[in-house]
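Q:
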Amino acid sequence: MSGARHLYVHLPFCSSRCGYCDFVTVVGRRGQHRAYVDALLAELSLERETVAPRLESVFLGGGTPTFTEPEQLGRLLGALPQALEVTVEANPETVTPGLATLLRERGVTRVSLGVQSFRPHLLEVLGRQAGPDDAGRAVAILREARFDNISLDLIYGIPGQSATELEVDLEDALALEPEHLSCYELEAKPGTRFTHAHGDEIARQAEAMETYFERVVARVGAAGYRWYETANFCRSPELAGGRDLRSRHNLAYWRGRDYLGIGIGAVSTIRGRRWRTTPRLGEYLTALAARRRPAREMEELSPEVRRSERVLLGLRLDEPLPFAGLEGAFDWPAVERLEQAGLVRRREAALELTPRGRFLGGGVTAELLA
Amino acid sequence: MNQARIRNFSIIAHIDHGKSTLADRILELTETVTGREMRAQVLDTMELERERGITIKAQAVRVAWKGHQLNLIDTPGHVDFTYEVSRSLQACEGALLVVDASQGVEAQTVANAYLAIENDLEIVPVVNKIDLPQADPDGTAAEIAELVGDQPERVLRISAKTGDGIEALLDALVERIPPPGGDASPEAPARALIFDSSYDQYRGVVAFVRVVDGSFAGREGLRAMAQGTRFEAEEVGFFSPTMRAAESLGAGEVGYVVTGLKDVSRLRVGDTLTSERRPAAEPLPGYKDVKPMVFAGLFPTDSDDYPDLRDALEKLKLNDAALFYEPETSQALGFGFRCGFLGLLHMEIVRERLEREFDLDLLVTAPNVAYVVLTKAGEELEVHNPAEMPAEVERTEEPYIRASIIVPKDYVGPVMELNTDRRGRFDHMEYLSEERVLLLYELPLAEIVLDYYDQLKSRTRGYASFDYDVIGFREGDLARVDVLIAGEPVDALSLIVHRNGAYARGRALVEKLREEIPRQLFDVPVQAAIGSRVIARETIKAKRKDVLAKCYGGDITRKRKLLERQKAGKKRMKQVGSVEVPQEAFLAVLNLDGGKK
Chain U
2 MSGARHLYVH LPFCSSRCGY CDFVTVVGRR GQHRAYVDAL LAELSLERET VAPRLESVFL
62 GGGTPTFTEP EQLGRLLGAL PQALEVTVEA NPETVTPGLA TLLRERGVTR VSLGVQSFRP
122 HLLEVLGRQA GPDDAGRAVA ILREARFDNI SLDLIYGIPG QSATELEVDL EDALALEPEH
182 LSCYELEAKP GTRFTHAHGD EIARQAEAME TYFERVVARV GAAGYRWYET ANFCRSPELA
242 GGRDLRSRHN LAYWRGRDYL GIGIGAVSTI RGRRWRTTPR LGEYLTALAA RRRPAREMEE
302 LSPEVRRSER VLLGLRLDEP LPFAGLEGAF DWPAVERLEQ AGLVRRREAA LELTPRGRFL
362 GGGVTAELLA
Chain F
1029 MNQARIRNFS IIAHIDHGKS TLADRILELT ETVTGREMRA QVLDTMELER ERGITIKAQA
1089 VRVAWKGHQL NLIDTPGHVD FTYEVSRSLQ ACEGALLVVD ASQGVEAQTV ANAYLAIEND
1149 LEIVPVVNKI DLPQADPDGT AAEIAELVGD QPERVLRISA KTGDGIEALL DALVERIPPP
1209 GGDASPEAPA RALIFDSSYD QYRGVVAFVR VVDGSFAGRE GLRAMAQGTR FEAEEVGFFS
1269 PTMRAAESLG AGEVGYVVTG LKDVSRLRVG DTLTSERRPA AEPLPGYKDV KPMVFAGLFP
1329 TDSDDYPDLR DALEKLKLND AALFYEPETS QALGFGFRCG FLGLLHMEIV RERLEREFDL
1389 DLLVTAPNVA YVVLTKAGEE LEVHNPAEMP AEVERTEEPY IRASIIVPKD YVGPVMELNT
1449 DRRGRFDHME YLSEERVLLL YELPLAEIVL DYYDQLKSRT RGYASFDYDV IGFREGDLAR
1509 VDVLIAGEPV DALSLIVHRN GAYARGRALV EKLREEIPRQ LFDVPVQAAI GSRVIARETI
1569 KAKRKDVLAK CYGGDITRKR KLLERQKAGK KRMKQVGSVE VPQEAFLAVL NLDGGKK
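Protein chains in written order, with this note's numbering: chain U, 2 to 371; chain F, 1029 to 1625.
1. Would the beta-carbon of S1606 of chain F fall within 9 Å of that of A342 of chain U?
2. Just tell me which of F:R1033, F:G1249, F:A1415 has its CA closest to the CA of A1394 of chain F.
3. List the residues of chain C whose Cβ lies closer than 9 Å to the Cβ of Q1162 of chain F, in chain order.
4. Of all the options U:A84, U:L182, U:C22, which has the alpha carbon lying nearest to the alpha carbon of L114 of chain U?
5. Can you list the residues of chain F that A189 of chain U reaches, using a CB-CB cut of under 9 Å?
6. Per DSSP, which residues does S1276 of chain F bridge with? Please list them.
7. When you compare each of U:V89, U:V52, U:L85 to L61 of chain U by their alpha carbons, which one comes out closest?
8. Could you tell me if A204 of chain U is buried or exposed, where buried requires 16 or more neighbouring beta carbons within 10 angstroms of its beta carbon?
9. Run through the DSSP bridge pairs and tell me what M1601 of chain F is partnered with.
10. According to the Cβ coordinates, are E1281 of chain F and F1259 of chain F closer than 9 Å?
11. Taking only the alpha-carbon atoms, compute the straight-line gap between L240 of chain U and L1361 of chain F and give it to the nearest angstrom.
12. Going along chain U in order, which residues have a C-beta closer than 9 Å to the C-beta of I1568 of chain F?
13. Looking at the secondary structure, which residues open and close the beta strand (DSSP E) in which S1226 of chain F lies?
14. Measuring straight from C-alpha to C-alpha, what distance separates V1411 of chain F and K1345 of chain F?
15. Is DSSP giving Q162 of chain U helix, strand or coil here?
16. Tell me whether Q117 of chain U sits in a helix, a strand or coil according to DSSP, three-state version.
17. Below 6 Å CB to CB, which residues in the same chain sit around A1261 of chain F once its five sequence neighbours on both sides are set aside?
18. When DSSP labels each residue in this structure, what does P1355 of chain F get in the three-state scheme?
19. What ranges does the beta strand (DSSP E) occupy inside the region 39-85 of chain U, keeping only unbroken runs of at least 3 residues that lie completely in it?
20. I think H34 of chain U touches Y260 of chain U, with their Cβ atoms under 8 Å apart; what is that distance to the nearest whole Å?
21. Buried or exposed, going by whether 16 or more other CB atoms sit within 10 Å of the CB of D135 of chain U?
22. Taking the alpha carbon of D1510 of chain F as the point to measure from, which residue in F:I1499, F:V1525, F:G1504, F:I1054 has its own alpha carbon closest?
23. For a test of the three-state rule: what should DSSP assign to L1541 of chain F, helix, strand or coil?
24. Could you have a look at F1584 of chain F and say whether DSSP puts it in helix, strand or coil?
25. Using a Cβ-Cβ cut-off of 6 Å (strictly less than) and excluding sequence neighbours within five positions of S1293 of chain F, which residues of its own chain qualify?
26. Tell me which residues share the same chain as E1463 of chain F and place their Cβ nearer than 7 Å to its Cβ, disregarding the 5 neighbours each side in the sequence.
27. Taking only beta-carbon atoms, is A232 of chain U less than 9 Å away from chain F?
28. Could you check whether the Cβ of Q1359 of chain F sits closer than 9 Å to any Cβ belonging to chain U?
29. Can you give the Cα-Cα distance for G1515 of chain F and G363 of chain U, rounded to whole angstroms?
30. For F1266 of chain F, list the residues DSSP reports as bridge partners.
31. One question on the structure: do I151 of chain U and L171 of chain U come within less than 9 Å of each other, judged by their Cβ atoms?
32. Please list the terminal residues of the continuous alpha helix (DSSP H) segment that includes R222 of chain U.
33. Listing by chain order, which chain F residues have their CB less than 8 Å from the CB of L314 of chain U?
34. I think I1205 of chain F touches L1197 of chain F, with their Cβ atoms under 8 Å apart; what is that distance to the nearest whole Å?
35. Where does E186 of chain U fall in DSSP's three states?
36. If you run the structure through DSSP and keep just helix, strand and coil, what is Q130 of chain U?
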């Protein structure tokens, strides 16, 4: 059996921590960047068996991968296997001509910029370091370095964000003509400091913000983007010289493909097993310095669970989900009901959500699953 | 024992006026229990009774006092158990009427005192709690004397807590209450009134009896006259305070008969026991079948618990002859039981016992009363469930009550207003003292089963004391209001209301349901209708979004678990057509604030 064709690399370092963030991050620690890259390469070499000789995608996520010491980032990129798509996440304020050149020279094909918003007060609420002009400057620098696949991340539903401010954020993002856009609703996790500080405001504006998702889809769609996943848009092929600009790496998740994740807190799913590597930096470095596998949390995925996940993930996409092999996962009377309510459509041997069904994808999936 | 030396009596009192404490003092003073055995409130056996301060089951205890045999027959303290109270009273010749010196006469005292008078009992009035700093023994004595038509000087003054006055009370009891008057001769045909029963899993049905004529011994063939049930008495005896076997029970005595019967329905309370050896020709008077007046559907929240609920009801019924139940199938709530109760408190107690003693998780629908319906075809029906009310009727009758309400005089206005709102008919008003007023009203029982009590409490700042008894059925201009959710009628939400109030009730109900039913994936209309005529409508707007924003390789497990939780939450919902309705919504009708007129 061939190995995973998708590799995720977690680079946890950040200059500071944003209030709403729930990823595994480490602030500063420049002195440990070298040791961490050593550990990543050691982990990858221990997992040689699980990855395919030729990769389809590599994704460097964080943290802020571009906050990593340039020398170490360059060394890492140089040592990673080749792939058709290599994405690096970057914060706008970290993008310099030097960095852009480094990424380009080391085979990076795609940059995903964590813009979140263009409004200074909303950036401040989120605890972002970037100013409102940093995104435009970063895009210009990347274009200068001949990057032709740039993605922007936006967040909506920020405490205090009005509908007009959302529209203006979308205009500003579209004006930069990115190939790809990800728009996420802010998730205020209960019990976090962020929710403690802004929870009342979020509750107060919940009703008004109900329409934000629709506004995002309408505005971005009108600009010629394909709404190919719940929160993701890419420029339509006819406007992009026939290129398929969907994220290959993320498509792999939504299509239930195997992937290897390396680095602290990274998750892998290979041959029916899912594991999460320890999120503790010290533990991770010690284990790999001794060429041992770091501690992992292991989860066996039963065939039923795998089927449910296929449905849960597959219905996020704009392509029909084939029933083949998933028949047991569905509550068929519910499918019938939802079809009558105009939320799903059966197409030959596949199921797809109607546009309204996609806005209600979570509830629809909960209903559909047996 | 010679009948002249027997005294049979009950204690009647409002909740918390000290009945149980008085019983404890009597047991102590007569050395029926030693100090060490003394457990506060010996006679209340069930855990629930102890907690709520309510005595559900009557019991009888024999004590000795200065050469006399005194039988204290305990009575339930609440009007829902009027029938049980009157059975207990039938077994007595006298009653202690106990009133708290700091509270004065309460509505319940009035209702029970009338019952005792109707049963021709000698009433011994008693003012209790004279040790309390806020006690007003003279004022209270005057109120009781007024109520029972006695001299204030004859009202006994005691403190059950300190024991003050108890000895004098026992003496007065012997002196004032007449001895039993049955035929005590050995050859007299034996007759005993079954005034209560209990079920013991080893010994079967145990009957509590008051022997009227002749005598009963163990190992004797007996017969329940109304039902014709025959059995051999395994043992006879009395409580003192625990079970003590005896050779025989003679005329005038109170005690128990172990029947060995395994089916409680074969021995009805109120029936007359006689012996096969010397059978009586006529049963004792007073047997009547008790009719439940308040009904509600009981459904397990988890449908798998249905058999457990059935078993639990069967067991409860063993000790609660007044409990009625029959299987009910609701489209919305599934399989359950329609249960009949004597009143609201009885319902509350049954529900609590099911949940506590049998560990059941229940959904209890809004209660309704029993209706007597004459159909167009001329057929008479008794309807226990609004959903079963025929659409076309010739005439509908509903039960009426006589309500006794005692309030401080400043609250007379608000109480009258409430009663008028509830279709009440003013009957009588009387000043019990300068401050306190007794109001008598006739009201449809349906108007008090929902939130009357709460309303009365809030409009009188908790000062009102309320009691009622059912006085019969009367015709009413009633209409059945149905609720439709997404076009589907929901049987469990139908209600019967007076036609004048139907529109407001329907409106309040759909508004409440709109709040209680969460938004769904599509618009859901909620309607109230009389027949095919829609009288109120609301729409629960569909959700506009329901989706998890982000889902990548690291989140899949967490998102899947979230989804599994969401699915589990839906199991607690009931499916009405394509709509998920939370169980709480079925109680919406219980607390409609508006819409009363």
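C-beta atoms are modelled at their ideal positions from N, C-alpha and C, and glycine is treated no differently.
The structure displayed is predicted, hence computed values, not measured ones.
A: Well, looking at it:
1. Against the second sequence, residue 1606 of chain F aligns to sequence position 578. Against the first sequence, residue 342 of chain U aligns to sequence position 341. For S1606 of chain F and A342 of chain U, yes; Cβs fall inside 9 Å.
2. Residue 1394 of chain F sits at position 366 when you count from the first residue of the second sequence. Nearest option by C-alpha distance: F:A1415.
3. In the displayed structure, chain C is absent; the protein chains listed are U and F.
4. The residue labelled residue 114 of chain U in the question sits at position 113 within the first sequence. When each option's Cα is compared against that of L114 of chain U, the closest is U:L182.
5. By one-based count along the first sequence, residue 189 of chain U stands at place 188. Ordered by position in chain F, no residue passes the 9 Å Cβ test against A189 of chain U, which lies about 11 Å from the chain.
6. Here residue 1276 of chain F corresponds to residue number 248 of the second sequence, with the count starting at 1. In DSSP, S1276 of chain F forms a bridge with F:A1245.
7. Against the first sequence, residue 61 of chain U aligns to sequence position 60. Ranking the options by Cα distance to L61 of chain U, first place goes to U:V89.
8. Numbered from its first residue, the first sequence carries residue 204 of chain U at position 203. Per the 10 Å Cβ criterion, exposed.
9. As a working mapping, residue 1601 of chain F is identified with position 573 in the second sequence. In the DSSP assignment, M1601 of chain F is bridged to F:P1610.
10. The residue labelled residue 1281 of chain F in the question sits at position 253 within the second sequence. The residue labelled residue 1259 of chain F in the question sits at position 231 within the second sequence. No, Cβ-Cβ distance for E1281 of chain F and F1259 of chain F is not below 9 Å.
11. Here residue 240 of chain U refers to the residue found at position 239 when the first sequence is read from its first residue. Here residue 1361 of chain F refers to the residue found at position 333 when the second sequence is read from its first residue. Using only the alpha carbons, I get a separation of about 55 Å.
12. Numbered from 1 along the second sequence, position 540 holds the residue referred to as residue 1568 of chain F. The premise fails here: I1568 of chain F is roughly 14 Å from chain U at the closest Cβ pair, so nothing lies under 9 Å.
13. For the purposes of this step, residue 1226 of chain F is taken as residue 198 along the second sequence, with counting starting at 1. That run of the beta strand (DSSP E) goes 1219-1228.
14. Along the second sequence, one-based indexing puts residue 1411 of chain F at 383. Along the second sequence, one-based indexing puts residue 1345 of chain F at 317. Rounded to whole angstroms, V1411 of chain F to K1345 of chain F spans 22 Å at the Cα level.
15. Taking the first residue of the first sequence as position 1, residue 162 of chain U is located at position 161. Coil at Q162 of chain U, not helix or strand.
16. To locate residue 117 of chain U, count along the first sequence from 1; it is residue 116. Of the three classes helix, strand and coil, the one that applies to Q117 of chain U here is strand, per DSSP.
17. If you number the second sequence from 1, residue 1261 of chain F lands on position 233. Only G1246, E1248, L1250, V1285 meet the Cβ criterion.
18. Counting from one through the second sequence, the residue named residue 1355 of chain F turns up at place 327. Note: P1355 of chain F maps to strand in three-state DSSP.
19. 56-63
20. Position 33 of the first sequence holds residue 34 of chain U. Position 259 of the first sequence holds residue 260 of chain U. Not really, about 24 Å apart at Cβ, beyond 8 Å.
21. As a position in the first sequence, residue 135 of chain U is number 134, starting the count at 1. D135 of chain U comes out buried.
22. Translated into positions along the second sequence, residue 1510 of chain F becomes position 482. Closest option to D1510 of chain F, Cα to Cα, is F:V1525.
23. Along the second sequence, read from residue 1 onward, the residue named residue 1541 of chain F stands at position 513. Looking at L1541 of chain F - three-state DSSP - the assignment turns out to be helix.
24. Numbered from 1 along the second sequence, position 556 holds the residue referred to as residue 1584 of chain F. Note that residue 1584 of chain F corresponds to Ile in the displayed sequence, not to Phe. Of the three classes helix, strand and coil, the one that applies to I1584 of chain F here is helix, per DSSP.
25. The residue labelled residue 1293 of chain F in the question sits at position 265 within the second sequence. Hits under 6 Å: none found.
26. If you number the second sequence from 1, residue 1463 of chain F lands on position 435. Excluding positions up to five away in sequence, the list reads P1436, K1437.
27. Looking up residue 232 of chain U in the first sequence gives position 231. A232 of chain U counts as touching chain F.
28. As a working mapping, residue 1359 of chain F is identified with position 331 in the second sequence. No, Q1359 of chain F lies away from the interface with chain U (no Cβ there is under 9 Å from its Cβ).
29. Here residue 1515 of chain F refers to the residue found at position 487 when the second sequence is read from its first residue. Here residue 363 of chain U refers to the residue found at position 362 when the first sequence is read from its first residue. Cα to Cα, G1515 of chain F sits roughly 26 Å from G363 of chain U.
30. The residue given as residue 1266 of chain F occupies position 238 in the second sequence. Answer by DSSP bridge pairing, in chain order: F:R1272.
31. If you number the first sequence from 1, residue 151 of chain U lands on position 150. If you number the first sequence from 1, residue 171 of chain U lands on position 170. Cβ atoms of I151 of chain U and L171 of chain U: not closer than 9 Å.
32. Looking up residue 222 of chain U in the first sequence gives position 221. Just to set this straight, residue 222 of chain U is Gly in the shown sequence, not Arg. It spans 213-223 - the alpha helix (DSSP H) in which G222 of chain U sits, taken as one unbroken run.
33. Mapped onto the first sequence, residue 314 of chain U falls at position 313. Chain F residues near L314 of chain U: C1579, I1584.
34. Against the second sequence, residue 1205 of chain F aligns to sequence position 177. Against the second sequence, residue 1197 of chain F aligns to sequence position 169. Actually they do not touch by this definition, with Cβ atoms about 11 Å apart.
35. Here residue 186 of chain U refers to the residue found at position 185 when the first sequence is read from its first residue. Of the three classes helix, strand and coil, the one that applies to E186 of chain U here is strand, per DSSP.
36. In the first sequence, counting from the first residue as 1, residue 130 of chain U sits at position 129. Reduced to three states, the DSSP call for Q130 of chain U is coil.
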